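Visitor: Here you go, one structure.
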Amino acid sequence: MVTTATSSAPLIEKHTIGYVPPEDRHGKVRDLFTLWFGGNIAPLPIVTGALGVQLFHLNLIWGIVAILVGHLVGGVLMALHSAQGPQMGIPQMIQSRAQFGSLGALLVVVIAGVMYIGFFASNIVLAGKSLHGVVDAVPVPVGIVIGAIGSGIIGIIGYRFIHVLNRIGTWVLGAGIVLGFGYIFTHVQTSDFLTRGSFNISGWLATVSLAALWQIAFAPYVSDYSRYLPADVPVASTFWTTYLGSALGSSLSFIFGAVAVLATPVGMDTMEAVKLATGAIGPLMLVLFLLSVISHNALNLYGAVLSIITLVQTFAYRWIPTAKSRAVISIIVLAACAVAAVFASKDFIGHFVDMVLVLLVVLVPWTAINLIDFYVIHKGQYDIASIFRVDGGIYGRYNPQALLAYAVGIAVQIPFMNTPLYVGPISEHINGADLSWVVGLVVTSPLYFWLASRDSAYKRRMDGGKLVGGV
1289 MVTTATSSAP LIEKHTIGYV PPEDRHGKVR DLFTLWFGGN IAPLPIVTGA
1339 LGVQLFHLNL IWGIVAILVG HLVGGVLMAL HSAQGPQMGI PQMIQSRAQF
1389 GSLGALLVVV IAGVMYIGFF ASNIVLAGKS LHGVVDAVPV PVGIVIGAIG
1439 SGIIGIIGYR FIHVLNRIGT WVLGAGIVLG FGYIFTHVQT SDFLTRGSFN
1489 ISGWLATVSL AALWQIAFAP YVSDYSRYLP ADVPVASTFW TTYLGSALGS
1539 SLSFIFGAVA VLATPVGMDT MEAVKLATGA IGPLMLVLFL LSVISHNALN
1589 LYGAVLSIIT LVQTFAYRWI PTAKSRAVIS IIVLAACAVA AVFASKDFIG
1639 HFVDMVLVLL VVLVPWTAIN LIDFYVIHKG QYDIASIFRV DGGIYGRYNP
1689 QALLAYAVGI AVQIPFMNTP LYVGPISEHI NGADLSWVVG LVVTSPLYFW
1739 LASRDSAYKR RMDGGKLVGG V
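Numbering of the sequence shown is given in my numbering, commencing with residue 1289 and proceeding in unit increments.
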């Protein structure tokens, strides 16, 4: 049955936010490793990883330790979300209605949509810079448009094509980054490669936070890429293939960025440092990264479009859009992001850092609530029909317990924040160390479990006593 489904699966994805029935399930769980490994060998994680030594002034060893800690911890949360996909067969944002209610989930949907659009715009800027680096005659704005169109084509074709490209990309990009590491380590151009920077607690925690957020930022859409797998795929298999692929791929990219900027003079743009540090193979590396960012950025466009569809479908609940609707919305989002990226390209790194640090505050309590609800309270048992009802069915329009826990989860992080927009008093007292995401997880998880356990809604039964939630 699985073989038949795989061979007959259309190239252009026909589903959007609707439930994927068993006859349309296809693919292998190993595809999740290649998707998240190949997708993370890209310019944006390289630029982000370089911030540990550029912005936070860590040396190479402590930078690598912070990067590994952040990805290994954040990757656990990300992979737990991925494991929900085969069990539910629906996108993550739609599934959030079961925790927050049909209208209550809109807050999270909007936040996720903004995040996808921000990542998409940031990535097409890097695509433009990479293309300009390969072909000087192509201006950065033109490169941005070309990168956006390339990602748009992949995103419109959808799920299956994205997986195919990343299966190929894993081998090509994996070999490329190993070759790049080898060249840099044998052609270091600076005398302070191992001594530039030092350990400082605030910079180390900030780098850990960036790496952890990189993983957590995938949480709102990671299960979108596992929802087509057969429902009998073990949770452990989905978890480990996602975890290993994402943690390994993103760690390599983060470390590559740090190594490249330390191997070149202080003050260079990260991608320029990569080109200089990799010398003779620099143009090849830029070509690989250009192809990677175009392919990977399709995920951000895909996620943004699903978020918009989810937002609209909340009010037009009888509408389950087709591939045509998804294509039209993709083109609109693509065009808007391309225009914005052209005007924001000169200072995009500053805007990107601001965005990810703010996202850390709003995503952490959501991921805590979603995981506690799925694994501890409902144990993966949900009523799919209710999730698509305008009144939320058994989940209602609002879930006060989830919204309260979410608000508290954000509020408790504020004193521990350290962002360009605001520095909390506790963070200021401990030399700028940002512990907000740890506090958010530690407080929100037990609070939501306690609130939900006191509410009888999650224990409701239907269909003659069939348990759809709770224990």
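A virtual CB, placed ideally from N, CA and C, is assigned to each residue, including glycine. Here the structure is a predicted model, which is why all the values come from computation and not from measurement.
So Leu1517 and Pro1374 are supposed to be a Cβ contact under 8 angstroms. How far apart are they, rounded?
Guide: Confirmed, about 4 angstroms.
Visitor: Could you say which of Leu1501, Leu1419, Ala1586, Met1559 lies nearest to Pro1653 if we only look at CA atoms?
Guide: Nearest C-alpha to Pro1653: Leu1501.
Visitor: Mind checking Gly1555: buried by the 16 CB within 10 Å criterion, or exposed?
Guide: Gly1555 comes out exposed.
Visitor: Just reading off the alpha helix (DSSP H) that Val1730 is part of, what are its end residues?
Guide: Unbroken alpha helix (DSSP H) run through Val1730: 1724–1741.
Visitor: Taking Cβ positions, are Gly1327 and Ser1580 nearer each other than 9 angstroms?
Guide: Going by C-beta atoms, Gly1327 is nearer than 9 angstroms to Ser1580.
Visitor: Pick out whichever of His1451, Leu1482, Ser1618 has its Cα sitting closest to the Cα of Trp1324.
Guide: Per the Cα distances, His1451.
Visitor: Let's see if you can read the secondary structure: which residues bound the alpha helix (DSSP H) around Glu1716?
Guide: Element bounds for Glu1716: 1713–1717.
Visitor: Tell me the rounded alpha-carbon separation between Thr1610 and Ala1338.
Guide: Rounded to the nearest angstrom, the two C-alpha atoms are 41 angstroms apart.
Visitor: Residues in the same chain with beta-carbon distance under 6 angstroms from Gly1351, minus the five sequence neighbours each way, listed in chain order, please.
Guide: Same-chain partners within the cutoff: Gly1340, Val1341, Ala1546.
Visitor: Give a yes or no on contact between the region 1346–1360 and the region 1485–1492, applying the rule of three or more CB pairs nearer than 8 angstroms.
Guide: Short answer: they touch.
Visitor: Name the DSSP beta bridge partners of Asn1706, please?
Guide: Asn1706 is bridged to Val1711.
Visitor: Assuming Gly1485 contacts Leu1346 under a Cβ cut-off of 8 angstroms, what Cβ separation, rounded to an integer in Å, is found between them?
Guide: That pair is a contact at about 5 angstroms.
Visitor: Contact check, Tyr1670 vs Ala1386 under 8 angstroms by CB: the rounded distance?
Guide: The Cβ separation is near 5 angstroms, so the contact holds.
Visitor: Does Asn1454 have its Cβ less than 9 angstroms from a Cβ in chain B?
Guide: Of the protein chains in the structure, only one exists, and it is not chain B.
Visitor: Answer with buried or exposed for Ala1535, where buried requires no fewer than 16 other C-beta atoms within 10 angstroms of its C-beta.
Guide: Ala1535 comes out buried.
Visitor: Buried or exposed for Ala1524, going by 16 or more other Cβ atoms inside 10 Å?
Guide: By the 10 Å Cβ count, Ala1524 comes out exposed.
Visitor: According to the neighbour-count rule (16 or more other Cβ atoms, all chains shown, within 10 Å of its Cβ), is Gly1464 buried or exposed?
Guide: It is buried - the Cβ of Gly1464 has at least 16 other Cβ atoms within 10 Å.
Visitor: Please return the same chain residues whose Cβ sits closer than 6 angstroms to the Cβ of Ala1629, not counting the five positions on each side in sequence.
Guide: Ala1409, Ile1412, Val1413, Ile1432.
Visitor: My guess is that Phe1407 and Asn1588 are in contact by the Cβ rule of under 8 angstroms, so how many angstroms apart are they, rounded?
Guide: At roughly 4 angstroms, the Cβ-Cβ gap stays under 8 angstroms, so Phe1407 and Asn1588 are in contact.
Visitor: When DSSP labels each residue in this structure, what does Val1476 get in the three-state scheme?
Guide: It is coil, neither helix nor strand.
Visitor: Could you pull out every residue in the same chain whose Cβ sits closer than 6 angstroms to the Cβ of Asp1661, ignoring the five residues on either side in sequence?
Guide: Excluding positions up to five away in sequence, the list reads Gln1387.
Visitor: Report, in whole angstroms, the separation of the C-beta atoms of Arg1614 and Val1593, which I expect to be a contact under 8 angstroms.
Guide: With a Cβ gap of about 6 angstroms, Arg1614 and Val1593 count as contacting.
Visitor: What do you reckon, are the CB atoms on Phe1542 and Ala1499 nearer than 9 angstroms?
Guide: Yes.
Visitor: Where Ser1538 and Arg1677 are concerned, what is the direct C-alpha to C-alpha distance, given to the nearest angstrom?
Guide: Roughly 38 angstroms between the two C-alpha positions.
Visitor: Since Leu1578 and Leu1419 are thought to touch, with beta carbons under 8 angstroms apart, how far apart are those beta carbons, to the nearest angstrom?
Guide: Confirmed, about 6 angstroms.
Visitor: Between the C-alpha atoms of Ser1370 and Thr1322, what's the straight-line distance to the nearest angstrom?
Guide: If you take the alpha carbons of Ser1370 and Thr1322, they lie about 14 angstroms apart.
Visitor: My output table needs one value for Asp1520: the three-state DSSP class, helix, strand or coil.
Guide: Asp1520 falls in the coil class under three-state DSSP.
Visitor: Measuring only the C-alpha atoms, how far is Ser1497 from Ile1405?
Guide: Roughly 21 angstroms between the two C-alpha positions.
Visitor: Taking a contact to mean a Cβ-Cβ separation below 9 angstroms, would you say Thr1530 touches Leu1356 in this structure?
Guide: Taking 9 angstroms as the Cβ cut-off, Thr1530 and Leu1356 do not qualify as a contacting pair.
Visitor: Below 9 angstroms between beta carbons: does that hold for Leu1659 and Trp1725?
Guide: No, they are not a contact pair.
Visitor: Taking its Cβ as the centre, do 16 or more other Cβ atoms sit within 10 Å of Gly1753, making it buried, or is it exposed?
Guide: Only weak support exists for where Gly1753 lies, its pLDDT of 33 falling under 50; the coordinates are left without a value.
Visitor: My output table needs one value for Ile1585: the three-state DSSP class, helix, strand or coil.
Guide: Per the sequence shown, residue 1585 should be read as Asn rather than Ile. Helix at Asn1585.
Visitor: In chain order, which continuous runs of the alpha helix (DSSP H) of length 4 or greater are located wholly inside the region 1559–1608?
Guide: Taking only runs of at least 4 residues, the alpha helix (DSSP H) segments lying wholly in the region 1559–1608 are 1570–1603.
Visitor: Hey, out of Tyr1590, Gly1392, Leu1599, whose CA is closest to Ile1619's CA?
Guide: The shortest C-alpha separation from Ile1619 is found at Tyr1590.
Visitor: Ordered along the chain, which non-local residues of its own chain (more than five positions away) have a Cβ less than 6 angstroms from that of Phe1704?
Guide: Once the five neighbours on either side are set aside, the close Cβ partners of Phe1704 are Gly1712, Ile1714, Ser1715, Leu1723, Ser1724, Val1727.
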